[in-house]
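Asks: Following this message is one structure expressed as structure tokens.
There are 2 protein chains.
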Amino acid sequence: MPAPPTPDPATGEDAIARLDDRRIELLGMVLEVHNELLNATQRGLEASADLPVQWLGVLIRLARSPGQRLRMTELARDMTMSTSGLTRLVDRIEAAGLVQRQPCAEDRRGLLAVLTDEGRSVLTSAAPCHLADLERYLDPALSAEEQQLLIDLLRRVRDHVRASATP
Amino acid sequence: MPAPPTPDPATGEDAIARLDDRRIELLGMVLEVHNELLNATQRGLEASADLPVQWLGVLIRLARSPGQRLRMTELARDMTMSTSGLTRLVDRIEAAGLVQRQPCAEDRRGLLAVLTDEGRSVLTSAAPCHLADLERYLDPALSAEEQQLLIDLLRRVRDHVRASATP
DNA sequence: GGAGGATCGTTGCGCTTGCAACAACTTCTC
DNA sequence: GAGAAGTTGTTGCAAGCGCAACGATCCTCC
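Following this line, the structure appears as structure tokens:
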């Protein structure tokens with residue numbers, strides 16, 4: 558391959574040409590799907606239960622955990638957010654009575670976020686609407702197999718980003 | 558299928574059981590990948606060019622557009638963010654000299670965000686690092702075909718969410 | 001051609017988040 | 001055991017975003 562006619566502008570053109578790169582498109586698509594899907598589910602959740610999606614995220618993770626409780630740090634990791642962000646988030650949810658902080662028996666520094674009865678009740682009433690919304694958005698777009706495939710592909714990306722970014 | 562033994566708690570258990578639903582897992586995975594990938598690329602971009610990812614998003618979209626310019630509203634749609642958010646974002650980028658606002662000839666309400674020479678220069682110097690980071694994160698996780706497949710699946714989700722949520 | 005409605009971009013305001021610093025506690029090391 | 005080093009959760013602070021309201025401009029329909 559011969560050298561390009563105009564060296565310095567050519568590197569610029571080269572860089573511009575690479576803007577259509579597959580990986581950049583992938584990043585953009587992840588961002589767009591995230592925003593669209595989050596906005597859509599948020600609207601649906603506001604209409605049906607007047608609940609922020611993040612609250613539901615916390616409630617779901619607690620409900621799935623043994624004893625309906627989770628350490629603050631672990632919850633923050635699960636939610637992929639900072640511990641300070643999670644502190645305020647749990648503050649709000651606790652003020653609404655859906656969660657409660659409990660001291661941790663085997664580590665006196667730690668706190669456990671515990672799902673209250675009211676939190677569990679709110680979750681069981683909001684979950685069906687949330688799921689119906691999600692089905693409405695996803696099922697016509699992707700078959701069950703495609704959804705599973707998408708999950709697997711995304712999980713592989715997540716795992717590798719985590720592994721190569723955390724150190 | 559016989560009725561469950563304890564009716565009212567059973568609906569609760571039922572709702573809790575559905576928390577493992579494929580669609581909820583998919584939503585969670587999209588959120589996680591978004592956060593991880595955004596944080597990772599952000600760190601890389603800070604280290605190499607000290608540039609927020611959103612700035613690069615604007616720069617890339619402008620560079621790809623004919624005349625390196627885009628209407629504010631269209632840019633907001635492309636970035637999947639509100640017009641007010643974009644106003645402040647462009648404010649910052651313009652203050653840094655990478656973009657410039659120009660009046661729109663055929664619509665005196667409108668403004669065009671135009672890439673400046675400096676913006677183009679910053680983009681061409683930052684893009685290679687950004688792409689290298691992205692390759693480092695994505696290529697070991699997914700083959701070229703899988704990446705393309707992932708893009709296609711995500712695009713179908715995006716399109717359907719947009720179509721069924723906007724009205 | 002002019003009035004009503006829609007669209008474009010900006011601003012005030014409040015909310016949520018992350019970073020850095022901190023105190024309380026645990027764990028490692030000698 | 002005592003001190004150093006790390007971890008856990010909270011707080012002050014500032015940055016960024018979306019919503020609602022606003023003026024300016026365009027478009028439609030009589």
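So the protein lines, in turn, are chains X and P.
According to our numbering, the first sequence is numbered sequentially starting from 558.
According to our numbering, the second sequence is numbered sequentially starting from 558.
Built from N, CA and C at the ideal position, the CB exists for glycine as well.
Source: prediction; values computed, not measured.
Please determine, among X:R649, X:E582, X:I581, X:E593, the residue with the shortest C-alpha to C-alpha distance to P609 (chain X).
Replies: X:R649
Asks: Provide the residue span of the beta strand (DSSP E) that contains A722 (chain X), from first to last.
Replies: Not the beta strand (DSSP E): A722 (chain X) falls in the alpha helix (DSSP H), residues 701-722.
Asks: Should P715 (chain P) be flagged as near chain X, meaning a C-beta pair shorter than 8 Å?
Replies: Pro is not the amino acid found at residue 715 (chain P); the sequence shown has Arg there. True, the Cβ-Cβ gap to chain X drops below 8 Å.
Asks: When the Cβ atoms of the region 592-602 of chain P are set against those of the region 576-588 of chain X, are three or more pairs found closer than 8 Å?
Replies: yes
Asks: When Cβ atoms are compared, which residues of the region 613-641 of chain P fall closer than 7 Å to chain X?
Replies: I617, A620, R621, T637
Asks: Quick check: the region 671-679 of chain P against the region 617-636 of chain P, are there 3 or more CB pairs under 8 Å?
Replies: yes
Asks: Could you tell me the distance, in whole angstroms, from the CA atom of Q704 (chain X) to the CA atom of R579 (chain P)?
Replies: 8 Å
Asks: So with Cβ pairs under 8 Å, would you call R712 (chain P) a contact of chain X?
Replies: yes
Asks: Flag I708 (chain X) as yes if its beta-carbon sits less than 8 Å from any beta-carbon of chain P, otherwise no.
Replies: Interface criterion met: the Cβ of I708 (chain X) is under 8 Å from a Cβ in chain P.
Asks: Along chain P, which residues have their Cβ under 8 Å away from the Cβ of V718 (chain X)?
Replies: V590, E593, L594, A597, Y694, A698
Asks: What number of angstroms, rounded off, separates the C-alpha of L646 (chain X) from the C-alpha of Q657 (chain P)?
Replies: 38 Å
Asks: Mark G654 (chain P) as exposed unless 16 or more other C-beta atoms lie within 10 angstroms of its C-beta, in which case mark it buried.
Replies: G654 (chain P) is classed as exposed because its beta carbon has fewer than 16 other beta carbons within 10 Å across all chains shown.
Asks: Can you tell me the Cα-Cα spacing of D635 (chain X) and I617 (chain X), whole angstroms?
Replies: 11 Å
Asks: So, for L632 (chain X): in the same chain, excluding its five sequence neighbours on each side, which residues have a beta-carbon less than 8 Å away from its beta-carbon?
Replies: V615, R618, L619, L643, V647, A670
Asks: By Cβ distance, which residues of its chain are closer than 7 Å to R712 (chain P), with the 5 residues on each side in sequence left out?
Replies: none
Asks: Could you check where the beta strand (DSSP E) with R628 (chain X) kicks off and where it finishes?
Replies: 626-628
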